[in-house]
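For reference, the structure is listed below as structure tokens.
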Amino acid sequence: MFSKEDYVRLLVPVVLVSVISGAVGGSIFTKRQTLKNPEKIVEERNYVEESDSIDAIQKVVPAVVSIVAAKDLQVFKQQPLNPFAPFENDPFFRNFGFQFQQPQQQQDQQPETKRQKVSGGTGFIIESDGLAITNKHVVADTGADYSALTKDGKEYDVEVISRDTVNDLAVIQLHEKTEDKKDRKTGEKKDFGDKPKALPAAKLGDSSKLKVGQRVFAIGNARGEYENSVTSGIISAVNREIQASDQGGGMQETLSNLIQTDAAINFGNSGGPLINLGGEVVGINTAIDASAQGIGFAIPVNQFKPVLESVKKYGKIVRPILGVMHTILNKDKAKELKLDGVEYGALITGDRSKKEFGVVPGSPAEKAGLKLDDVIVEVDGEKVTEDNTLQGIVQKHAPGDKLKLKVWRAGNTFEVTVTLEERQEEQTTKQK
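Sequential numbering from 30 applies to the sequence shown in our numbering.
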């Protein structure tokens with residue numbers, strides 16, 4: 030028989046065990062209850078992502094402009110046709126006395142000219158006074174006049190400040206539309222009105238931080254008809270190189286170090302911004318692979334920053350030139366070409382039959398003693414690779430800058446110093 034004291038001693042551990050078990054059970058039960066509502070967690074996460082996307086887009090859309098090119102084109106008036114011409118010599122109608130009255134002939138007229146829209150594209154404002162960026166091919170026609178339409182429907186005249194000789198970039202300036210086009214202060218005639226004030230400007234990001242899989246949005250004047258169209262996608266790849274041309278197959282050039290994205294870039298989106306979730310511009314929509322779907326390309330915004338500084342300093346885009354034709358090497362290509370002792374760099378190459386010299390006559394490269402089949406392996410200590418191209422390195426500098434090149438030639442390595450010069454308009458974009 031248990032005494033009262035024995036019963037109490039046994040009861041206490043049982044109660045403690047029950048309390049502890051209940052606490053553990055409650056904890057397990059609570060976790061199970063939380064896991065019963067995963068849909069709510071996913072829904073909340075999606076809501077946050079959607080909210081971030083909307084916020085990012087709304088930050089940039091006011092700075093995006095639709096660019097329209099217009100020209101005076103000749104219009105010919107057609108002479109009126111004689112509806113009875115097929116029956117004039119028909120005996121049936123002649124026998125019954127039908128008389129055909131000839132329509133009054135119009136005198137030959139000179140062709141008339143009519144202002145017509147010939148193309149459309151996109152740009153975006155980067156300074157509150159209306160300084161903006163677009164693609165070179167959007168404003169390539171020097172015989173056209175350009176205008177820009179903002180989100181609020183206001184129209185501005187566009188002055189093309191400078192077209193890049195290296196990249197598919199152009200800097201433009203928006204101006205107030207004015208009839209007399211006179212300077213308000215001096216009264217002198219001028220080609221454009223005053224610069225606007227306090228326009229919304231897009232914030233430039235850092236394209237060197239982009240990661241494959243990162244979400245991005247492309248904004249532009251899709252097909253030249255749908256202003257401020259937004260498409261979404263991801264960064265598919267970086268450091269792409271393509272041979273680009275316009276829709277007519279003209280204006281071909283090599284574009285390097287591009288961002289590849291599956292965000293739809295339609296005709297007319299060219300020159301528009303590619304933005305990240307922070308509402309920062311990370312690229313400029315430039316080209317699409319017309320033979321495939323979901324393959325678009327954008328120029329990284331970091332390639333544009335030196336262009337902006339150049340315009341502010343010189344009033345135009347000034348680019349440096351080294352003066353070599355080259356192909357980028359990797360380990361496999363170097364092995365294929367039997368270049369023992371080198372696995373990366375820029376191999377100087379050319380085609381004399383096409384007058385494409387490996388080393389451009391009179392260029393900084395020739396003055397420094399570079400020759401055909403030399404391999405530039407480093408520039409100021411930076412390795413020249415597929416991800417860090419010679420063009421990309423050179424274009425970070427300005428005319429007059431001195432660069433120390435590490436060069437491989439027939440098994441030997443040496444260093445030379447070159448002084449970059451200003452690239453002239455007629456120099457091919459293939460020369461670096």
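Beta carbons are placed, not taken as given, at the ideal position from N, Cα and C, and that holds for glycine. This one's a predicted model, so the numbers in the text were calculated from it and none came from an experiment.
Would you call PHE443 buried or exposed, if buried means 16 or more other Cβ atoms sit within 10 Å of its Cβ? On the sequence shown, position 414 is the one that residue 443 refers to. Classification of PHE443: exposed, given that the 10 Å Cβ count is below 16.
For HIS355, collect the residues of the same chain with a Cβ closer than 7 Å to its Cβ; drop the 5 residues on either side in sequence, then sort them by chain order. Residue numbering aside, residue 355 sits at position 326 when the sequence shown is read from its first letter. Cβ neighbours of HIS355 beyond the five flanking positions: ALA375, LEU376, ILE377, THR378, LEU419, LYS461.
Measure the C-alpha to C-alpha separation of ASN305 and SER339 and round it to an integer number of angstroms. Counting from 1 along the sequence shown, the entry for residue 305 is found at position 276. Counting from 1 along the sequence shown, the entry for residue 339 is found at position 310. Rounded to whole angstroms, ASN305 to SER339 spans 26 Å at the Cα level.
With C-beta atoms as the reference, is ASP403 less than 8 Å away from VAL436? Residue numbering aside, residue 403 sits at position 374 when the sequence shown is read from its first letter. Residue numbering aside, residue 436 sits at position 407 when the sequence shown is read from its first letter. Cβ atoms of ASP403 and VAL436: closer than 8 Å.
Mapping DSSP to helix, strand and coil, what is ALA316? Residue numbering aside, residue 316 sits at position 287 when the sequence shown is read from its first letter. Three-state result, ALA316: strand.
Looking at C-alpha atoms only, which residue of ILE201, ILE248, GLU309, LEU198 is the closest neighbour of THR260? Residue numbering aside, residue 260 sits at position 231 when the sequence shown is read from its first letter. Cα-wise, what sits closest to THR260 is ILE248.
Which whole-angstrom value is the C-beta distance of ILE462 and ILE313, which I expect to be below 8 Å? Limits of the chain in this structure are 30 at one end and 461 at the other, which puts residue 462 out of reach.
CB ALA199 to CB ASN250, shorter than 8 Å? For the purposes of this step, residue 199 is taken as the residue at position 170 of the sequence shown. For the purposes of this step, residue 250 is taken as the residue at position 221 of the sequence shown. Cβ atoms of ALA199 and ASN250: not closer than 8 Å.
Within the continuous alpha helix (DSSP H) that includes GLU365, where are the two ends? Working through the sequence shown from its first residue, we reach residue 365 at position 336. Start and end: 360-365.
Take GLY159 and list the residues in its own chain whose beta-carbon comes closer than 8 Å to its own, dropping the five residues that flank it on each side. Within the sequence shown, the letter at position 130 stands for residue 159. Hits under 8 Å: TYR185, GLN202, LEU203, HIS204, LYS224, PRO225, LEU228.
Distance, Cα to Cα, GLU451 vs SER285? Start at 1 with the first residue of the sequence shown, and residue 451 comes out as number 422. Start at 1 with the first residue of the sequence shown, and residue 285 comes out as number 256. If I take the Cα positions, the gap works out to 20 Å.
When ILE294, GLY222, GLN289, GLN272 are compared against ASN257, the one with the closest alpha-carbon: Along the sequence shown, one-based indexing puts residue 257 at 228. For ASN257, the nearest C-alpha among the options comes from ILE294.
My output table needs one value for HIS166: the three-state DSSP class, helix, strand or coil. The residue labelled residue 166 in the question sits at position 137 within the sequence shown. HIS166 falls in the helix class under three-state DSSP.
Separation of LYS180 from GLN87, as counted between CA atoms: Along the sequence shown, read from residue 1 onward, the residue named residue 87 stands at position 58. Along the sequence shown, read from residue 1 onward, the residue named residue 180 stands at position 151. So the two alpha carbons sit approximately 11 Å from each other.
Would you list the one or two residues that DSSP bridges to THR207? One-based indexing of the sequence shown puts residue 207 at position 178. DSSP, once it has assigned bridges, lists no residue as partnering THR207.
Consult DSSP for LEU45 and reduce its assignment to one of helix, strand or coil. Stepping through the sequence shown from its first residue, residue 45 is reached at position 16. Residue placement at LEU45 cannot be trusted, given a pLDDT of 40 that sits under 50; the coordinates are not used to answer.
If you measure between the beta carbons of PRO349 and ASP430, is that distance less than 8 Å? By 1-based counting over the sequence shown, the position of residue 349 is 320. By 1-based counting over the sequence shown, the position of residue 430 is 401. Cβ atoms of PRO349 and ASP430: closer than 8 Å.
Check whether ALA230 and VAL310 have beta carbons under 8 Å apart: For this step, residue 230 is matched to residue 201 along the sequence shown. For this step, residue 310 is matched to residue 281 along the sequence shown. Not a contact, by the Cβ cut-off of 8 Å.
In angstroms with no decimal places, state the Cα-to-Cα distance between SER236 and GLN332. Indexing the sequence shown from 1 puts residue 236 at position 207. Indexing the sequence shown from 1 puts residue 332 at position 303. Their Cα atoms are separated by approximately 9 Å.
Is the separation between the beta-carbon of GLY297 and that of GLY440 shorter than 8 Å? Taking the first residue of the sequence shown as 1, we reach residue 297 at position 268. Taking the first residue of the sequence shown as 1, we reach residue 440 at position 411. Their beta carbons are not under 8 Å apart, which means GLY297 does not touch GLY440 by this criterion.
8 Å contact criterion, which GLY172 and ILE162 should meet: CB distance rounded: By 1-based counting over the sequence shown, the position of residue 172 is 143. By 1-based counting over the sequence shown, the position of residue 162 is 133. In fact, because the Cβ distance is near 22 Å, the residues do not count as touching under 8 Å.
Just how far apart, CA to CA, sit ILE155 and LEU233? As a working note, residue 155 is residue 126 in the sequence shown. As a working note, residue 233 is residue 204 in the sequence shown. For ILE155 and LEU233, the distance between alpha carbons rounds to 8 Å.
For GLY249, write down the residues that DSSP places opposite it in a beta bridge. Position 220 of the sequence shown, counted from the first residue, corresponds to residue 249. Answer is SER258, bridged to GLY249.
Report all residues from its chain with a CB closer than 8 Å to the CB of LYS60; omit the five preceding and five following residues, and keep chain order. For the purposes of this step, residue 60 is taken as the residue at position 31 of the sequence shown. Only weak support is given to the placement of LYS60: the predicted model assigns it a pLDDT of 45, under 50, and the value that follows is read from those uncertain coordinates. Cβ neighbours of LYS60 beyond the five flanking positions: none.
Taking 7 Å as the limit between beta carbons, can you name the residues of its chain near ILE271, skipping five residues before and five after? For this step, residue 271 is matched to residue 242 along the sequence shown. Only LEU284, LEU287, ALA316, PHE326 meet the Cβ criterion.
Every unbroken alpha helix (DSSP H) within the stretch 325-407, with a cutoff of 4 residues, ordered by chain: 330-343, 360-365, 393-396
Could you have a look at LYS60 and say whether DSSP puts it in helix, strand or coil? On the sequence shown, residue 60 is found 31 positions in, with the first residue counted as 1. With a pLDDT of 45 at LYS60, under the threshold of 50, the modelled position of that residue is not reliable, and the figure given next carries that caveat. LYS60: helix per DSSP, three-state reduction.
First through last residue of the beta strand (DSSP E) which encompasses GLY152: As a working mapping, residue 152 is identified with position 123 in the sequence shown. Where GLY152 is concerned, the enclosing beta strand (DSSP E) stretches over 141-154.
Segment limits, beta strand (DSSP E) that includes GLN289: Within the sequence shown, numbered from 1, the residue matching residue 289 stands at position 260. GLN289 -> beta strand (DSSP E) spans 282-290.
Alpha helix (DSSP H) containing VAL423: first to last residue? As a working mapping, residue 423 is identified with position 394 in the sequence shown. VAL423 -> alpha helix (DSSP H) spans 419-423.
Per-residue burial, VAL147 [other beta carbons within 10 Å of its own, 16 or more giving buried]: The residue given as residue 147 occupies position 118 in the sequence shown. So VAL147 counts as exposed.
DSSP three-state label for LYS190, please. To locate residue 190, count along the sequence shown from 1; it is residue 161. Position check: residue 190 holds Ile in this sequence, whereas Lys was assumed. Three-state DSSP puts ILE190 in a strand.
Run the CB neighbour count on TYR373, radius 10 Å, all protein chains shown included, and call it buried at 16 or more, exposed below. Your numbering for residue 373 matches position 344 in the sequence shown. That one is buried.
With a threshold of 16 other CB atoms inside 10 Å of the CB of GLN289, please say whether the residue is buried or exposed. The residue given as residue 289 occupies position 260 in the sequence shown. Result: buried.
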